[in-house]
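Down below is the structure, laid out as structure tokens.
Protein chains: 2
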Amino acid sequence: MKVGFLGPRATFTNLAVQKMFPATNNSIPYETIPECMDAVMSGEIDIATVPLENALEGSVNITLDYLIHEVDIPIRAEITTPIAQHLMVHPENKNKVIEKIYSHSHAIAQCHKQLHQHWKGIQCENMTSTAAAAQFVMLHPEQPIAAIANELAAKEYNLEIVARDIHDFSHNHTRFVILSKQELEFSKTKGKFNGNKTTVMVTLPEDQSGALHLVLSAFAWRKLNLTKIESRPMKTGLGNYFFIIDIDKDMDDVLIPGAIAELEALGSKVKVLGSYPSYKIEKGTVNEE
Amino acid sequence: MKVGFLGPRATFTNLAVQKMFPATNNSIPYETIPECMDAVMSGEIDIATVPLENALEGSVNITLDYLIHEVDIPIRAEITTPIAQHLMVHPENKNKVIEKIYSHSHAIAQCHKQLHQHWKGIQCENMTSTAAAAQFVMLHPEQPIAAIANELAAKEYNLEIVARDIHDFSHNHTRFVILSKQELEFSKTKGKFNGNKTTVMVTLPEDQSGALHLVLSAFAWRKLNLTKIESRPMKTGLGNYFFIIDIDKDMDDVLIPGAIAELEALGSKVKVLGSYPSYKIEKGTVNEE
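If you read the protein sequences in the order shown, they are chains A and B.
With the UniProt record's numbering, letter number 51 in the first sequence gets 51, and the count goes up by one each step, no holes.
With the UniProt record's numbering, letter number 179 in the second sequence gets 179, and the count goes up by one each step, no holes.
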């Protein structure tokens, strides 16, 4: 099984891959989230692992939008990992004043307050991933620059951590989804099993007062608990949205199909994005392996 | 009145300022959205104009999050403008092969397909705004680079447009909010008045099944039409959200206060972010002045 993920190596996504597929020796980093999903569509890889949501920044819009508008691959599992960000430099620049900081825009946002307090005025530049930032710092020892990235990246690129845990909020986690055309088994994973989920996309019949209320009624009557509801633009104009709804239950024969049939009868369009097991990595177990 | 906006000059936000405050000769560009809002809090400026939502990319998270978590400034108006993106170069590089494209990440995303089709493989780099990208291209004639920005930016920075309307979707608009501690009058604005809105933030009582359904019931019973509902993370952990709800009606004495009182009695927290007029700029009128 070939497992693609948002690269380069040593991203938080790579970490999720290590946890979910500990036996794999065929993991392939992709530069962007769409490229990784496209590779599943074309059969180049069997599985894509991409970030879906961060506890601070919210949804990773490109993942949601590409999954909805561009490809058709079921969600087969999700894994949630704690996020700890560190500031790291090339060992040669250990005692120099940092002139620029590189990282992913989400990581920079996650460290906003600490950066403002301790590294005020230093320019931050966005990279495609935290690991790409670490790699860039490793490749440019002549520049007094730093990267914000995880511990795996510091190891992978031989950087020295000069400030640990510079993220502003301590309860930060990221949720990754495992996408594949084939059904998958996850008996050997080390993460903690955290129940099943079903994710559906609902497009409302028209811009009518109370349409979303009606949709939620179909779930509420059946005591189906929604763990998330998110609106995303339809890309047809401001004010047109669809909704991504997470139900904390696996697909059954009665309740979820009943709700879906009712929603469709009322004029909504419903698409099941997946019904899958949810895993969680506990804090402190990240660097186990 | 001092009007701050997300700069530099010639951003789409600057365009919104020109439309909403045609008489002002005291508009001040800020480098980031938080700095612009902080300047209102400190009294440095009277009004902040910042982007809130784009028809394709969805909410501008930093605006929403900073408005909710960091500052307390009411929304006094909103204005929606059409977004047209062009590819522009320094006149000296008009006939050279473009080696790199600079723009805001949203603008790059808005042109994703056209870039993939016509400028495949050319590296794109994120800047803080489309105008900052245009400025960068103007300042570096020695490099064969291009910017994606609006017509105003091409004029302001003397760049030559080499490809017009390279955005993928033609119905793209951005919604800007006008924030101020003082009440404002907008009789002289040229945009089309588009009704009133009230925006509230609702935090659900606890992670209980159907809580959001209950909240929406309070609006549905009163035939209050919701034009938008958006979930944002609470920043206290994955799975904890608050909701931003737009009601297409100005604050009254009976219906909205009744709904709010009911929600509070049920254990939700409600904060009114503003009750304000909505304006719209029609396509083709952008370059009027």
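For glycine and all other residues, C-beta sits at the position ideal for the given N, C-alpha and C.
Note that the structure is predicted; figures quoted are calculated from it, not measured.
Close Cβ partners of residue i (< 8 angstroms) along its chain, the five nearest in sequence each way excluded
i              : result
E183 (chain B) : R76
A154 (chain B) : H86, M88, A134, E160 and I161
H69 (chain A)  : K235
Contact set for residue i: own chain, Cβ-Cβ below 6 angstroms, skip 5 residues either direction
i              : result
I62 (chain B)  : I33
G267 (chain B) : P205
M37 (chain B)  : A48, Y66 and V71
N93 (chain A)  : P144
Alpha-carbon to alpha-carbon, residue j and residue i
i              : j              : result
I101 (chain B) : M20 (chain B)  : 31 angstroms
V200 (chain A) : V270 (chain A) : 7 angstroms
K223 (chain A) : L238 (chain A) : 32 angstroms
E151 (chain A) : S59 (chain B)  : 31 angstroms
F186 (chain B) : V162 (chain A) : 52 angstroms
K192 (chain B) : A10 (chain B)  : 22 angstroms
I98 (chain A)  : N14 (chain A)  : 27 angstroms
N194 (chain B) : D250 (chain B) : 12 angstroms
H167 (chain A) : S103 (chain A) : 13 angstroms
E35 (chain B)  : I145 (chain B) : 29 angstroms
H118 (chain B) : H112 (chain B) : 10 angstroms
L255 (chain A) : T49 (chain A)  : 29 angstroms
A149 (chain A) : T130 (chain A) : 5 angstroms
A147 (chain B) : I108 (chain B) : 10 angstroms
E156 (chain A) : P8 (chain A)   : 11 angstroms
S42 (chain A)  : N240 (chain B) : 36 angstroms
N225 (chain A) : E125 (chain B) : 42 angstroms
I260 (chain B) : T24 (chain A)  : 53 angstroms
F242 (chain A) : L216 (chain B) : 17 angstroms
A265 (chain B) : K120 (chain B) : 56 angstroms
E282 (chain A) : T203 (chain A) : 35 angstroms
F136 (chain B) : V272 (chain A) : 45 angstroms
L31 (chain A)  : I178 (chain A) : Strictly speaking, residue 31 (chain A) in this sequence is Glu, with Leu absent from that position. For E31 (chain A) and I178 (chain A), the distance between alpha carbons rounds to 17 angstroms.
N287 (chain B) : E44 (chain A)  : Residue confidence for N287 (chain B) is low, a pLDDT of 45 falling below 50, so the modelled location carries little weight and cannot support an answer.
Whether residue i touches residue j by CB criterion (8 angstroms)
i              : j              : result
T81 (chain A)  : H173 (chain A) : yes
F5 (chain A)   : I83 (chain A)  : no
S231 (chain A) : E230 (chain B) : yes
M138 (chain B) : L159 (chain B) : yes
D252 (chain B) : T227 (chain B) : no
L56 (chain B)  : Q110 (chain B) : yes
N54 (chain B)  : H106 (chain B) : yes
A220 (chain B) : G210 (chain A) : yes
D165 (chain A) : K197 (chain A) : no
I79 (chain A)  : Y279 (chain A) : yes
G258 (chain B) : P74 (chain B)  : no
D46 (chain A)  : K2 (chain A)   : yes
Assumed close pair residue i, residue j - CB separation to whole angstroms, cut-off 8 angstroms
i             : j              : result
L52 (chain A) : F176 (chain A) : 6 angstroms
M88 (chain A) : A134 (chain A) : 6 angstroms
S27 (chain A) : V17 (chain A)  : 5 angstroms
P29 (chain A) : H90 (chain A)  : That belief does not hold up - the Cβ atoms of P29 (chain A) and H90 (chain A) are roughly 22 angstroms apart, past 8 angstroms.
7 angstroms CB neighbourhood of residue i in its chain, flanking five on each side removed
i              : result
I244 (chain B) : L64, T199, M201, E230 and R232
F169 (chain B) : L56
P277 (chain B) : A77, F186, F193 and N196
H171 (chain B) : A55
According to DSSP, residues forming a beta bridge with residue i
i              : result
A77 (chain B)  : B:I178
V123 (chain A) : As written in the sequence, residue 123 (chain A) is Gln, which differs from the Val given in the question. Paired residue(s): A:K100.
K235 (chain B) : For K235 (chain B), which the question treats as bridged, DSSP gives no partner whatsoever.
A146 (chain A) : A:V89 and A:I101
Y66 (chain B)  : Partner(s): none; Y66 (chain B) has no beta bridge.
F193 (chain B) : B:Y279
I245 (chain B) : B:V200 and B:I229
V272 (chain B) : B:V200
H171 (chain A) : In DSSP, H171 (chain A) forms no bridge with anything.
N54 (chain B)  : B:G58 and B:T174
T49 (chain A)  : A:F5 and A:I178
- Near-chain C residues of the segment 48–72 of chain A (beta-carbon distance less than 8 angstroms), N- to C-terminal order: No chain C appears in this structure, whose protein chains are A and B.
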